[in-house]
Each structure stands twice: as C-alpha cells, then as structure tokens.
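Q:
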Amino acid sequence: MSDITPGLWELLLKGLWVTFQLTVYSAALGAAVALVIGLARTHRLWIVRFLSGTYFEIFRGTSALVFMFLVFFALPIAFGWQLVPMWAAVLAMGLTYGAYGSEIVRGAVAAVAPAQREAGIALSFTPAQSMRKVVLPQAWPEMIPPLNNLLIELLKGTALVSVLGVGDISFGAQLVRNATGQSAPVYTVILVMYFVLAFVLTRGMRVLERQAKAGIGQAPPKRRKLSLRQTKDLATSGGTGGAA
Amino acid sequence: MKWDWSAVSDFMPRFWDGVLVTLQALALSVIVAFALGLVWAMAQRSPLKVVRWPVTAITEFVRNTPLLVQLFFLYYVLPEWNITFSALTTGVIGLGLHYSTYTAEVYRAGIDGVPVGQWEAATALNLPRSRTWLAVILPQAIRRVVPALGNYVVAMLKDSPLIATIGVLEMLGEARQFGSITFQMVEPLVVVGIAFIVIAYPASLLLRALERRLVR
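Those protein sequences? They're chains A and B, same order as listed. Heads up: the first sequence runs through residues 270 to 513, numbered per this note's numbering. Heads up: the second sequence runs through residues 92 to 307, numbered per this note's numbering.
In structure tokens:
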C-alpha cells in the first residue's frame with residue numbers, strides 16, 4: 270500500500286472518474302436503447318417486432334468483449350472513420366446493455382394489468398398517450414430493481430475497456446502495477462473502489478425506487494441488510510446480467 | 092474495404108483450436124461454479140453466524156466487482172504468494188469463482204422454494220442434517236433451478252473471452268493473435284462474433300424448452 274505514491278494515487282483517481290463517466294454515459298445510451306427496443310418488441314406491426322427481436326437476439330448472443338473489439342478494430346477499417354476510444358466504448362456498452370435492458374422494459378410493460386390499457390382506450394387516449402400517461406408510470410417502479418442489477422453489470426463491464434486502452438480504473442491499475450512492481454495492493458484497492466461504486470449506485474437506485482413507488486402509492490419492499498441486489502424468490506428467473 | 096475470404100480460410104485452423112479451448116474452459120469453469128455455488132448457498136443457511144456472515148460478505152464482494160480485475164488479481168497476485176497456475180487454470184478458477192456467486196443466489200432461491208413442511212418432515216423422521224440436505228432438500232431444490240443455472244452457462248460462455256486478456260488462446264485470443272500477425276483484424280473478429288451467436292442462440296432456445304418442461 271505504501272508503495273503507491275501520491276502521483277500514482279492520482280492516476281487511480283483519474284481512472285475512477287473515467288469509469289464513472291463511462292458508466293453514466295453508457296447507462297444513458299443503454300436506457301434509450303432499452304426503452305425503444307423494449308417498446309418496439311411489443312409493437313403491433315410484425316416487422317417492427319421482428320427487427321427489434323433480431324437486434325435483441327444478436328446483442329444478447331454475442332460477447333460484449335468481442336463486440337467491443339469489433340467497434341474498436343473493425344469499424345475504422347470497414348468504414349474509414351474512427352471514434353474516440355471513450356465514445357467507442359460508450360457505443361459498445363450502450364448497445365449491448367441496452368439489449369438486456371429492453372427485456373426488462375418489455376417485461377415490466379407486459380406486467381401492467383390489461384384493465385389499465387382498457388381504461389386508456391375507454392378514455393379515448395391514443396396508443397402513445399396511453400403508453401405515456403397510463404402504462405409507463407406504472408411499469409417504471411417495477412423496472413428499477415432489475416435495472417439496478419443491470420447497472421452494476423454495466424459498471425463491471427466498463428473494466429473491459431481497459432483492454433482496449435481507455436484510461437479507466439483497471440487501466441490505471443496496470444500502470445501502477447508496472448510502476449511499483451507489486452500487484453496485490455493496487456488490485457485490492459481497485460476492487461474496493463468498484464465495490465464502493467456499486468454500493469453508491471445501489472443506494473441511489475433505492476432512493477429512486479422509493480420515490481417511484483410513492484408516486485403510484487406503494488411502499489418500498491423490505492430487503493436483506495447487506496445485499497446490493499434485488500434477489501428473486503422465484504427459482505426460475507435467471508440473471509439479468511449475462512444470459513437472462 | 093474488401094472482405095477477404097482467404098483471411099477467413101487462413102484463420103480457420105486457429106479458430107477451431109480456439110473453439111476447443113473455449114469449450115474446455117467453459118466446461119471446467121461451469122463445474123467450479125456449480126459446485127462452489129452450492130457450497131456458498133448451503134453455508135449461507137448455516138446455523139453459525141461466523142460461517143454465514145463472512146460467506147455473505149465474500150459472495151457480495153466477488154459478485155459486485157469486475158471479473159476482469161479478479162482475473163488480473165489471480166493472475167498477477169497469486170504468483171507473488173508463490174502459487175503458480177497456468178493461464179488456463181487461472182482463467183477457469185476466476186470465471187468459476189465469479190459465477191459461483193451468481194449460482195449461489197440461484198441455489199438459494201431454489202432452497203427457499205422448498206416448502207417448510209419438507210424440513211419439518213425430515214426433523215420428524217429424525218434424519219441427520221447431511222441426509223436432510225442430500226436426500227430431501229437438494230433433489231427438490233435443484234430440479235427447480237436447472238433452467239436458471241443453464242442461463243448462467245450461456246452467460247459464462249459469453250464472458251469466456253475475458254480469459255484471453257491473461258493470455259489464454261481461446262477464440263478471441265486466437266483472433267487477436269491472427270490479427271497481429273497478418274494485420275487482418277476484421278475477418279477473424281467477425282468469425283468469432285458469429286461463432287458466439289451460433290453457439291449461444293440454440294443454447295438459449297434449448298433452455299427455454301427445458302424451462303417449459305421442468306417448471307410448471
């Protein structure tokens with residue numbers, strides 16, 4: 270621990286900031302993709318459902334790291350333009366995790382009671398109005414806990430970009446390791462950093478969930494004390510992260 | 092740019108080597124993850140607080156930190172403590188350990204899903220603790236969670252290219268090496284990307300079918 274000089278600590282803190290930025294931007298892009306694809310997968314036209322389903326299956330089927338390599342190495346050669354590494358990473362992460370998120374959006378929207386949609390029709394709302402004013406506000410609180418799990422997966426996924434030379438925490442750790450010649454202290458430190466980030470994100474999402482539930486007149490659920498994630502009681506529900 | 096089919100055919104021998112290593116790593120780490128996950132899940136139900144608490148803390152920590160960093164940790168730190176494994180073994184341990192914390196949750200859900208009456212019946216029959224677990228609880232719990240465990244096999248398949256970063260020549264590792272020798276990066280990467288979909292998509296269809304059969 271003592272071998273990490275202030276200059277090297279600064280390197281790690283810079284990396285921490287890059288990781289944070291990556292997480293926020295990718296989450297924003299991912300959320301947009303998830304909403305669009307998730308709603309498109311319930312669309313009444315089969316062609317829209319088919320196209321969005323194909324997108325989902327492709328991104329769910331392929332490995333995030335392989336896709337990242339494609340964005341970094343194949344895109345410049347194939348189309349002749351190259352993204353700044355940071356944005357290439359955001360693009361890759363946003364598209365991949367957006368695909369996973371679309372399943373959460375689709376599930377939550379499908380879980381809203383059919384009577385609510387019928388009420389929308391009875392009030393002669395257009396489908397868009399009914400979605401915006403009736404269905405989504407009720408689906409939103411249901412989405413937050415699984416989205417939190419996904420957000421942590423995304424945070425963990427940002428470590429992959431260090432392989433491609435983006436200066437995040439893991440990249441900083443490599444540099445520190447090379448400088449000090451010791452691996453144990455620096456890797457312990459950054460593992461703790463990731464864990465703290467995940468913890469902070471979880472707390473933030475809990476607040477969001479409490480507000481969202483209060484908005485439709487529900488109390489937040491009780492949870493195990495130490496647990497960062499929503500754990501499901503149904504044995505059948507798979508992970509939201511990898512396969513889902 | 093032009094798509095070069097000859098690069099694809101040049102890559103093929105390496106690609107098959109990579110597929111073999113990927114499947115090998117996957118099979119071994121699945122075994123580690125399933126076995127260790129069960130250990131975690133049972134330890135979390137231990138009557139002793141000194142067992143339960145550290146296990147919960149460790150699994151939460153491992154689950155919420157990146158696999159990539161854990162792999163680097165194992166790969167660089169263990170040799171400092173005079174424990175040396177090959178890259179593949181390190182990768183298998185890392186991948187298996189990381190996903191064991193996920194499968195632990197799956198097992199936990201399965202065990203929680205076994206009705207309380209089953210535990211009480213075991214007590215009433217005066218079964219020893221080991222027999223309660225092996226003959227009564229686990230057979231019922233595991234049957235229900237097979238599809239969920241299968242999902243994690245697919246997830247592990249998709250995280251297996253991470254072990255290329257510690258020098259294992261699985262599919263992605265082979266593609267990188269081929270690209271750095273021939274400067275043809277696109278073709279091998281696309282081949283590998285398609286290979287993942289070709290393996291993962293039928294697997295997930297199979298799992299959905301299995302889920303319909305097993306869970307009612």
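The beta-carbon is built from N, C-alpha and C at its ideal position, and this holds for glycine as well. Just so it is clear, the structure is predicted and the values come from calculations on it, not from any experiment.
1. Using the three-state DSSP reduction, which class does A/S399 fall into: helix, strand or coil?
2. Quick check: is the beta carbon of B/S177 nearer than 9 Å to any beta carbon in chain A?
3. May I have the straight-line CA-CA distance separating B/R267 from B/F274, to the nearest angstrom?
4. Any beta carbon from chain A within less than 9 Å of B/R267's own beta carbon?
5. Can you tell me whether B/G208 is buried or exposed, with buried defined as 16 or more other CB within 10 angstroms of its CB?
6. Three or more C-beta pairs under 8 Å: does that hold for the segment 362-376 of chain A against the segment 285-303 of chain A?
7. Apart from the five residues just before and just after A/G510, which ones in its own chain have a Cβ nearer than 6 Å to its Cβ?
8. Expressed to the nearest angstrom, what Euclidean distance is found between the alpha-carbon atoms of A/H312 and B/T180?
9. If we ignore side chains and look at the alpha-carbon of each, how far apart do B/I285 and B/M262 end up?
10. For A/V445, I'd like the list of residues in its chain whose CB is within less than 8 Å of its CB, leaving aside the five on either flank, ordered along the chain.
11. Does DSSP classify A/L424 as helix, strand or coil?
12. Taking Cβ-Cβ distances below 8 Å as the criterion, which residues of the segment 324-345 of chain A are in contact with chain E?
13. Between B/A178 and B/V244, what straight-line distance do the alpha-carbon atoms span, to the nearest angstrom?
14. Given that A/F547 touches chain B, what residues does it touch there, using C-beta distances under 7 Å?
15. Which residue marks the beginning of the alpha helix (DSSP H) containing A/T311, and which one marks its end?
16. Within a Cβ cutoff of 7 Å, which residues of the same chain sit near A/A477, ignoring the five residues on either side of it in sequence?
17. Around the Cβ of A/D437, are there at least 16 other Cβ atoms within 10 angstroms (buried) or fewer (exposed)?
18. Whose C-beta lies closer than 7 Å to the C-beta of B/I233 among residues of the same chain, with five residues either side of it excluded?
19. Tell me, to the nearest whole angstrom, how far the beta carbon of B/L280 is from that of B/G241; I am working on the premise that it is less than 8 Å.
20. Roughly how many whole angstroms lie between the Cα atoms of B/I122 and A/E387?
21. Tell me which residues of the segment 162-193 of chain B have at least one Cβ-Cβ distance to chain A shorter than 7 Å, keeping chain order.
22. Just how far apart, CA to CA, sit A/F338 and B/L297?
23. Which residue's Cα is closest to the Cα of B/L165: B/R154, B/L188, B/T147 and B/F152?
24. Mind checking the segment 95-106 of chain B against chain A and listing, in chain order, the residues whose C-beta falls within less than 8 Å of any C-beta there?
25. Buried or exposed for B/Q161, please, with buried defined as at least 16 other CB atoms from any protein chain shown within 10 angstroms of its CB.
26. What three-state label does DSSP hand A/L282 in the structure shown?
27. Please classify B/E151 as buried or exposed, where buried requires at least 16 other C-beta atoms within 10 Å of its C-beta.
28. Could you tell me whether the Cβ of A/G511 comes closer than 9 Å to any Cβ of chain B?
29. Would you verify that the beta carbon of B/L218 is, or is not, closer than 9 Å to some beta carbon of chain A?
30. Let's see if you can read the secondary structure: which residues bound the alpha helix (DSSP H) around A/A391?
31. Roughly how far, in whole angstroms, is the beta-carbon of A/V381 from the beta-carbon of A/A303, given that I think they are within contact range, below 8 Å?
32. Which residues in chain A have a C-beta closer than 8 Å to the C-beta of B/P252? List them in chain order.
33. Write down every uninterrupted run of the alpha helix (DSSP H) in the segment 290-364 of chain A whose length is 4 residues or greater and which is fully enclosed by it, in chain order.
A: In terms of the structure at hand:
1. Helix.
2. Chain A, which has no Cβ nearer than 9 Å to the Cβ of B/S177, makes this no.
3. Answer to the nearest angstrom: the Cα atoms are 10 Å apart.
4. At least one chain A Cβ lies under 9 Å of B/R267.
5. Answer is exposed; the Cβ neighbour count stays below 16.
6. Contact between the segment 362-376 of chain A and the segment 285-303 of chain A is present: three or more C-beta pairs spanning the two stretches fall below 8 Å.
7. Unreliable placement is indicated for A/G510, whose pLDDT of 36 sits below 50; no coordinate value is reported for it.
8. Pairing A/H312 with B/T180, the inter-Cα distance amounts to about 47 Å.
9. If I take the Cα positions, the gap works out to 11 Å.
10. Answer for A/V445: I273, L277, L280, L281 and V455, listed in chain order.
11. Reduced to three states, the DSSP call for A/L424 is helix.
12. In the structure shown, chain E cannot be found, because the protein chains are A and B.
13. Cα to Cα, B/A178 sits roughly 21 Å from B/V244.
14. Residue 547 of chain A lies beyond the stretch modelled for chain A, which goes from 270 to 513, so this question has no answer here.
15. Note, A/T311: premise wrong, no alpha helix (DSSP H); not H, not E.
16. Contrary to the premise, residue 477 of chain A reads as Leu rather than Ala in this sequence. Sequence-distant Cβ neighbours of A/L477 in its own chain, meaning closer than 7 Å and more than five residues away, are I413.
17. It counts as buried.
18. G201.
19. That pair is no contact at about 27 Å.
20. Looking at the two C-alpha atoms, the distance is approximately 49 Å.
21. Within the segment 162-193 of chain B, the residues whose Cβ lies closer than 7 Å to some Cβ of chain A are F163, F164, Y167, V168, E171 and Y193, listed in chain order.
22. Going from the Cα of A/F338 to the Cα of B/L297 covers about 28 Å.
23. Comparing C-alpha distances from B/L165 to each of B/R154, B/L188, B/T147 and B/F152 shows the shortest one belongs to B/L188.
24. Legend: CB atoms of the segment 95-106 of chain B lying less than 8 Å from CB atoms of chain A are not found in any residue.
25. B/Q161 comes out buried.
26. DSSP places A/L282 in helix when its eight states are reduced to three.
27. Flag for B/E151 reads buried.
28. With a pLDDT of only 36 at A/G511, under 50, the local geometry of the prediction cannot be trusted, and the value read off the model is given with reservation. Yes - at least one Cβ of chain B is within 9 Å of the one on A/G511.
29. Closer than 9 Å: no.
30. Counting along the chain, the unbroken alpha helix (DSSP H) around A/A391 starts and ends at P383 to A391.
31. Actually they do not touch by this definition, with Cβ atoms about 17 Å apart.
32. Result: S332, L334 and V335.
33. 315-330, 333-338 and 344-348, all fully within the segment 290-364 of chain A.
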